[in-house]
Amino acid sequence: MGSKPTVPESTLNFLFTQSIAVDEDMANFTISLLNVYKLSILMQRLQVNRHQMFLGISKQKLQKMVKNRLFIQKRMEMAFSMKNHVNQYQINQRIMLRLE
Numbered sequence: 039m040g041s042k043p044t045v046p047e048s049t050l051n052f053l054f055t056q057s058i059a060v061d062e063d064m065a066n067f068t069i070s071l072l073n074v075y076k077l078s079i080l081m082q083r084l085q086v087n088r089h090q091m092f093l094g095i096s097k098q099k100l101q102k103m104v105k106n107r108l109f110i111q112k113r114m115e116m117a118f119s120m121k122n123h124v125n126q127y128q129i130n131q132r133i134m135l136r137l138e
């Protein structure tokens, strides 16, 4: 008459882990729904801004190409200048040898 029905500890552990799994599944499902919602909003914005994005990207690429060309041009000028200096040095060396 005074004894309470007891649930075995293994059963309690099983129920506890099952409730955690259900909570995780619900959380994952909620997060995935939230991601779908965010993506749908983002895709709508992308549809509107696609042309602007394309123009922005192409402008950046053009700026990089111009910068690269300027860099290459400066390097070629430096190489040409160094070649001229070397040639002039060699000419000066030959002149000095003749004078000796």
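Per my numbering, the sequence shown starts with residue 39, numbered consecutively. The C-beta atom is built at its ideal place from N, Cα and C for all residues, glycine as well.
For residue j and residue i, the rounded distance between their alpha carbons
i       : j       : result
Lys-121 : Asn-130 : 14 angstroms
Arg-132 : Glu-138 : 10 angstroms
Phe-92  : Lys-112 : 30 angstroms
Lys-105 : Ile-95  : 15 angstroms
Ile-110 : Lys-97  : 20 angstroms
Arg-107 : Glu-115 : 12 angstroms
Val-124 : Met-134 : 15 angstroms
Simplified DSSP state of residue i, which is helix, strand or coil
i       : result
Glu-115 : helix
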